[in-house]
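This report concerns only the one structure given below.
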Amino acid sequence: AGRNEIGVGMHIVGGSRTPVILVPVAALVCGIVAGFAVSGWSSVVVYEGFGFLAAAAIVGATLWHRPTPMWPWMLFAAGIACSAFGDLLWDLTGLVEHVPACTSWLPNVAYLLAYPCFCAGAFGLLGHRAARRDVLTLLEAVALAAAVWLILWVQIVHRQLADGSLGFWDWVPTVLYPPLDLVIIVMIWRLGRGHLRRFGPWRLLMDGFLVMFVADWLYAMFGIAGSTTVNALLNLGWITAYGCVAAAAL
Numbered sequence: 449a450g451r452n453e454i455g456v457g458m459h460i461v462g463g464s465r466t467p468v469i470l471v472p473v474a475a476l477v478c479g480i481v482a483g484f485a486v487s488g489w490s491s492v493v494v495y496e497g498f499g500f501l502a503a504a505a506i507v508g509a510t511l512w513h514r515p516t517p518m519w520p521w522m523l524f525a526a527g528i529a530c531s532a533f534g535d536l537l538w539d540l541t542g543l544v545e546h547v548p549a550c551t552s553w554l555p556n557v558a559y560l561l562a563y564p565c566f567c568a569g570a571f572g573l574l575g576h577r578a579a580r581r582d583v584l585t586l587l588e589a590v591a592l593a594a595a596v597w598l599i600l601w602v603q604i605v606h607r608q609l610a611d612g613s614l615g616f617w618d619w620v621p622t623v624l625y626p627p628l629d630l631v632i633i634v635m636i637w638r639l640g641r642g643h644l645r646r647f648g649p650w651r652l653l654m655d656g657f658l659v660m661f662v663a664d665w666l667y668a669m670f671g672i673a674g675s676t677t678v679n680a681l682l683n684l685g686w687i688t689a690y691g692c693v694a695a696a697a698l
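In the working numbering, the protein residues as written are 449 to 698.
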């Protein structure tokens with residue numbers, strides 16, 4: 449294993465001979481197994497278990513490769529752990545009787561906590577000099593995110609709020625997740641300059657957040673309706689995204 453330099457004074461985890469492509473493949477398999485599991489608890493063990501395992505794998509790989517700096521990768525692990533914890537809380541509301549009322553909104557709080565981790569992690573990989581040099585690019589990312597937020601609000605949220613079909617904790621994730629995904633994607637895109645866009649860990653990291661963006665967008669468009677098939681496909685997308693980010697660290 450080795451460390452591969454990106455920019456000035458900053459390294460990205462990678463260079464391992466481990467067949468890391470097996471990690472997103474394993475994520476895909478776990479997502480399919482969880483989707484077809486007969487028992488709800490079996491689905492929880494497979495799906496959430498992989499999420500926590502992916503977070504642990506990032507921590508382990510970061511400690512092993514010791515990239516400079518290490519903290520962005522630790523934040524990616526924390527973000528995935530927050531998402532997995534949100535999934536666990538969400539599933540518990542349907543599997544456990546007489547759960548506290550707070551469990552209906554706590555999952556979304558956990559999901560939202562993941563995004564500061566993801567955003568700060570991506571920003572940290574840019575490095576201080578690169579971040580200053582790319583201020584305009586980051587501002588463009590924020591503007592693009594605001595445009596996506598406006599589209600989602602006008603096309604979906606406003607109409608459903610008007611007829612009372614959406615509550616606060618329904619529309620918050622709908623309008624926030626895809627725009628925040630775009631901010632992260634732009635930062636990662638700026639991270640991979642020139643030949644680095646052919647570098648395996650960068651491609652896996654980018655693929656992971658692209659898949660997450662697609663899944664979050666589809667959730668905003670179709671997932672709120674609660675179709676079993678749509679939810680299974682969305683879960684497949686999210687768990688594959690976790691696998692790609694974990695593979696980037698190995």
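Backbone N, C-alpha and C fix where the C-beta goes; we use that ideal spot for every residue, glycine too.
Problem set entry | Cβ neighbour criterion (16 or more within 10 Å) applied to R514 | exposed
Exercise. Thinking just about the alpha-carbon of each residue, which of V471, P626 and F670 is nearest to the one in F566?
Worked result: P626
Exercise. Taking all protein chains shown into account, do 16 or more other C-beta atoms lie within 10 angstroms of the C-beta of M458, making it buried, or fewer, making it exposed?
Worked result: At M458, the pLDDT of 41 sits below 50, so the modelled position is not reliable and the matter cannot be decided from this model.
Exercise. Considering only residues of the same chain and omitting the five flanking positions on each side of V693, which have a CB-CB separation below 8 Å?
Worked result: A502, I506, F524, I528, L652, L653, G656 and F657
For this session: Mark L470 as exposed unless 16 or more other C-beta atoms lie within 10 angstroms of its C-beta, in which case mark it buried.
Result: exposed
For this session: Give every residue of the same chain whose Cβ lies closer than 6 Å to the Cβ of A680, excluding the five residues on either side of it in the sequence, and list them in chain order.
Result: G483
Problem set entry | V678 - DSSP class collapsed to helix/strand/coil | helix
Exercise. Cα separation between M635 and L560?
Worked result: 19 Å
Exercise. Are the CB atoms of V494 and V477 nearer to each other than 7 Å?
Worked result: no
For this session: Confirm, please, whether the CB-CB distance from G479 to I632 is below 7 Å.
Result: no
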